[in-house]
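Presented below is the structure to which this report refers.
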Amino acid sequence: MSEDKELTYSDAIQKAGSSMFRFPLISVKGIPLMNHIANNFDAVSAFCPDPSDILIATYPKAGTTWTQEIVDLLLHNGDAEACRRAPTPVRSPFLEICSPPPIPSGLLEKMAPPRIIKTHLPIQLVPTGFWEKKCKTIYVARNAKDNTVKHERDPRWPTPPLCTKAGLSNPFSSRATFELPFP
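Residue 81 in full-length UniProt numbering sits at position 81 of the sequence shown, and the numbers go up by one each step.
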(Lines of atoms letter the chains of each structure in order from A and count residues from 1; the text may use other names and numbers.)
(Lines give C-alpha, C1' and ligand atoms only; values in the text may rest on other atoms or scores of the structure.)
Protein backbone atom coordinates (compact mmCIF):
# COMPACT_ATOMS: atom_id res chain seq x y z
CA MET A 1 0.00 0.00 0.00
CA SER A 2 1.40 3.35 -1.00
CA GLU A 3 2.02 5.86 1.79
CA ASP A 4 0.45 8.55 -0.43
CA LYS A 5 -2.88 6.73 -0.62
CA GLU A 6 -5.43 7.72 2.04
CA LEU A 7 -6.33 4.77 4.24
CA THR A 8 -9.82 3.62 5.07
CA TYR A 9 -10.69 3.65 8.76
CA SER A 10 -10.40 -0.16 9.02
CA ASP A 11 -7.05 -0.23 7.19
CA ALA A 12 -5.72 2.58 9.36
CA ILE A 13 -6.69 0.81 12.59
CA GLN A 14 -5.06 -2.40 11.40
CA LYS A 15 -1.94 -0.55 10.30
CA ALA A 16 -1.80 1.41 13.57
CA GLY A 17 -1.68 -1.79 15.58
CA SER A 18 1.18 -3.22 13.57
CA SER A 19 3.32 -0.28 12.50
CA MET A 20 2.60 2.61 14.85
CA PHE A 21 0.81 4.61 12.13
CA ARG A 22 -0.37 8.01 13.32
CA PHE A 23 -3.38 9.66 11.77
CA PRO A 24 -2.62 13.08 10.33
CA LEU A 25 -4.00 15.79 12.62
CA ILE A 26 -6.14 18.74 11.62
CA SER A 27 -7.03 21.58 13.97
CA VAL A 28 -10.73 22.22 14.58
CA LYS A 29 -11.38 25.29 16.75
CA GLY A 30 -7.83 24.94 18.07
CA ILE A 31 -8.21 21.23 18.97
CA PRO A 32 -6.11 18.68 17.03
CA LEU A 33 -8.39 15.96 15.69
CA MET A 34 -7.59 12.91 13.58
CA ASN A 35 -8.11 13.78 9.92
CA HIS A 36 -11.03 11.41 9.37
CA ILE A 37 -12.95 13.18 12.16
CA ALA A 38 -11.87 16.72 11.25
CA ASN A 39 -12.76 16.24 7.57
CA ASN A 40 -16.32 15.34 8.56
CA PHE A 41 -16.71 17.76 11.44
CA ASP A 42 -19.39 19.87 9.71
CA ALA A 43 -21.70 16.84 9.68
CA VAL A 44 -20.87 16.09 13.33
CA SER A 45 -21.50 19.65 14.51
CA ALA A 46 -24.80 19.79 12.57
CA PHE A 47 -26.18 16.75 14.42
CA CYS A 48 -29.57 17.50 15.96
CA PRO A 49 -30.22 15.44 19.10
CA ASP A 50 -33.60 14.57 20.57
CA PRO A 51 -34.25 15.86 24.12
CA SER A 52 -34.52 12.22 25.28
CA ASP A 53 -31.04 11.31 23.98
CA ILE A 54 -28.31 10.41 26.46
CA LEU A 55 -24.76 11.59 25.75
CA ILE A 56 -21.86 9.63 27.24
CA ALA A 57 -18.74 11.82 27.11
CA THR A 58 -15.39 10.25 27.93
CA TYR A 59 -11.72 10.47 27.11
CA PRO A 60 -10.61 7.33 25.20
CA LYS A 61 -10.00 4.27 27.39
CA ALA A 62 -11.75 5.88 30.37
CA GLY A 63 -14.69 3.50 30.71
CA THR A 64 -16.84 4.28 27.68
CA THR A 65 -17.90 0.69 26.99
CA TRP A 66 -18.70 -0.08 30.63
CA THR A 67 -20.78 3.08 30.90
CA GLN A 68 -22.77 2.47 27.73
CA GLU A 69 -23.54 -1.10 28.79
CA ILE A 70 -24.74 0.07 32.22
CA VAL A 71 -26.90 2.81 30.69
CA ASP A 72 -28.39 0.37 28.15
CA LEU A 73 -29.23 -2.06 30.97
CA LEU A 74 -30.88 0.75 32.95
CA LEU A 75 -32.96 1.79 29.94
CA HIS A 76 -34.09 -1.82 29.52
CA ASN A 77 -34.85 -2.44 33.22
CA GLY A 78 -31.90 -4.81 33.59
CA ASP A 79 -32.99 -7.09 30.74
CA ALA A 80 -29.66 -8.46 29.49
CA GLU A 81 -31.33 -10.19 26.53
CA ALA A 82 -32.70 -6.87 25.27
CA CYS A 83 -29.17 -5.47 25.49
CA ARG A 84 -27.88 -8.24 23.24
CA ARG A 85 -30.10 -7.06 20.37
CA ALA A 86 -27.13 -5.66 18.44
CA PRO A 87 -23.37 -5.13 18.81
CA THR A 88 -22.32 -2.29 21.11
CA PRO A 89 -21.26 0.13 18.31
CA VAL A 90 -24.73 -0.27 16.77
CA ARG A 91 -26.70 0.11 20.03
CA SER A 92 -24.59 3.05 21.20
CA PRO A 93 -22.81 4.67 18.26
CA PHE A 94 -20.14 7.34 18.43
CA LEU A 95 -21.16 10.83 17.43
CA GLU A 96 -17.88 11.57 15.62
CA ILE A 97 -16.40 8.15 14.87
CA CYS A 98 -17.99 5.46 12.76
CA SER A 99 -16.99 1.85 12.93
CA PRO A 100 -17.36 0.57 10.27
CA PRO A 101 -17.12 3.48 7.80
CA PRO A 102 -18.41 5.68 6.17
CA ILE A 103 -18.27 8.76 8.37
CA PRO A 104 -20.91 9.84 9.20
CA SER A 105 -22.79 6.58 8.86
CA GLY A 106 -26.31 7.92 9.28
CA LEU A 107 -26.86 5.29 11.99
CA LEU A 108 -27.83 7.86 14.63
CA GLU A 109 -30.41 9.47 12.38
CA LYS A 110 -32.04 6.07 11.75
CA MET A 111 -32.30 5.18 15.46
CA ALA A 112 -35.44 5.92 17.47
CA PRO A 113 -35.00 8.07 20.58
CA PRO A 114 -33.94 7.79 23.29
CA ARG A 115 -30.52 7.08 21.83
CA ILE A 116 -27.34 6.38 23.76
CA ILE A 117 -24.70 8.45 21.98
CA LYS A 118 -21.05 8.39 22.95
CA THR A 119 -18.33 10.91 22.20
CA HIS A 120 -14.66 11.53 22.87
CA LEU A 121 -14.95 15.17 21.78
CA PRO A 122 -13.99 17.92 24.23
CA ILE A 123 -16.93 19.94 25.50
CA GLN A 124 -16.30 22.89 23.16
CA LEU A 125 -16.71 20.63 20.11
CA VAL A 126 -19.90 18.83 21.22
CA PRO A 127 -22.84 20.03 19.08
CA THR A 128 -24.74 22.79 20.88
CA GLY A 129 -28.03 20.95 20.36
CA PHE A 130 -27.16 18.69 23.29
CA TRP A 131 -27.12 21.70 25.62
CA GLU A 132 -30.00 23.57 23.97
CA LYS A 133 -32.29 20.54 24.23
CA LYS A 134 -31.07 19.74 27.76
CA CYS A 135 -30.10 16.16 26.90
CA LYS A 136 -28.94 14.00 29.77
CA THR A 137 -25.14 13.86 29.80
CA ILE A 138 -22.87 11.41 31.59
CA TYR A 139 -19.23 12.45 31.84
CA VAL A 140 -16.73 9.75 32.79
CA ALA A 141 -13.28 10.76 34.03
CA ARG A 142 -10.32 8.54 34.84
CA ASN A 143 -7.05 9.19 36.63
CA ALA A 144 -4.64 10.51 33.97
CA LYS A 145 -1.80 8.19 35.03
CA ASP A 146 -4.10 5.16 34.89
CA ASN A 147 -5.40 6.29 31.51
CA THR A 148 -1.84 6.67 30.19
CA VAL A 149 -0.99 3.09 31.19
CA LYS A 150 -4.22 1.86 29.59
CA HIS A 151 -3.26 3.58 26.31
CA GLU A 152 0.26 2.17 26.48
CA ARG A 153 -1.01 -1.40 26.80
CA ASP A 154 -3.51 -1.18 23.96
CA PRO A 155 -1.75 -1.98 20.65
CA ARG A 156 -4.33 0.03 18.69
CA TRP A 157 -3.10 3.26 20.32
CA PRO A 158 0.31 4.27 18.98
CA THR A 159 1.93 6.29 21.74
CA PRO A 160 5.50 6.87 22.84
CA PRO A 161 6.73 4.38 25.47
CA LEU A 162 5.71 5.64 28.89
CA CYS A 163 5.56 2.51 31.00
CA THR A 164 8.92 2.94 32.62
CA LYS A 165 9.67 4.10 36.13
CA ALA A 166 10.78 7.49 34.77
CA GLY A 167 7.84 7.71 32.37
CA LEU A 168 5.25 7.03 35.07
CA SER A 169 6.78 9.50 37.51
CA ASN A 170 6.21 12.23 34.92
CA PRO A 171 4.04 10.58 32.24
CA PHE A 172 3.60 13.64 30.05
CA SER A 173 7.21 14.81 29.85
CA SER A 174 8.13 12.34 27.10
CA ARG A 175 5.10 13.46 25.07
CA ALA A 176 6.15 17.10 25.02
CA THR A 177 7.55 16.82 21.49
CA PHE A 178 4.48 15.04 20.15
CA GLU A 179 1.26 16.60 18.96
CA LEU A 180 -1.45 14.31 20.27
CA PRO A 181 -5.01 14.26 18.97
CA PHE A 182 -8.08 14.80 21.04
CA PRO A 183 -9.26 12.12 21.29
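Even glycine gets a Cβ: it sits at the ideal position worked out from N, Cα and C.
{"Asked": "Under 8 Å between the Cβ atoms of Arg91 and Asp50?", "Found": "no"}
{"Asked": "Could you please give the first and the last residue of the uninterrupted alpha helix (DSSP H) stretch that includes Ile37?", "Found": "35-38"}
{"Asked": "With DSSP as the reference, identify every bridge partner of Ile123, one or two as the case may be.", "Found": "The partner list for Ile123 (beta bridge, DSSP) is empty, contrary to what the question assumes."}
{"Asked": "Are there 16 or more other CB atoms within 10 angstroms of the CB of Lys61, so buried, or fewer, so exposed?", "Found": "buried"}
{"Asked": "Taking Val126 as the reference, give the member of Thr67, Ala57, Val149 with the closest Cα.", "Found": "Ala57"}
{"Asked": "Of the choices Asn39, Ser52, Tyr139, Tyr59, whose alpha-carbon is the least far from that of Thr148?", "Found": "Tyr59"}
{"Asked": "Mind checking which residues open and close the beta strand (DSSP E) that includes Ser45?", "Found": "First-last for Ser45: 41-45, but that is the alpha helix (DSSP H), not the beta strand (DSSP E)."}
{"Asked": "In its own chain, which residues sit with a C-beta less than 7 Å from the C-beta of Thr177, not counting the 5 before and 5 after it?", "Found": "Any reading at Thr177 is ruled out, since the residue's pLDDT is 45, under 50, leaving its predicted position unreliable."}
{"Asked": "How would you write the range of the beta strand (DSSP E) that Lys136 sits in, first residue to last?", "Found": "136-140"}
{"Asked": "Tell me which same chain residues have a C-beta within less than 6 Å of the C-beta of Ser45, skipping the five on either side of it?", "Found": "Pro127"}
{"Asked": "Looking at C-alpha atoms only, which residue of Tyr139, Arg85, His120, Ala82 is the closest neighbour of Leu33?", "Found": "His120"}
{"Asked": "Got a sec? Which residues, its chain only, sit under 7 Å from Ala38 by beta carbon, not counting five neighbours each side?", "Found": "Ile26, Val28"}
{"Asked": "Output the boundary residues of the beta strand (DSSP E) element that contains Leu25.", "Found": "25-28"}
{"Asked": "Straight-line CA distance for Leu95 to Asp79?", "Found": "25 Å"}
{"Asked": "Taking the alpha carbon of Phe23 as the reference point, which residue from Lys134, His36, Glu109 has its own alpha carbon closest?", "Found": "His36"}
{"Asked": "Helix, strand or coil, according to DSSP, for Thr148 in the structure here?", "Found": "helix"}
{"Asked": "Which term fits Leu55, buried or exposed, when burial requires 16 or more other beta carbons within 10 angstroms of its beta carbon?", "Found": "buried"}
{"Asked": "On the DSSP bridge assignment, give the partners of Thr58 in chain order.", "Found": "Val140"}
{"Asked": "Arg84 to Gly30, Cα distance in whole Å?", "Found": "39 Å"}
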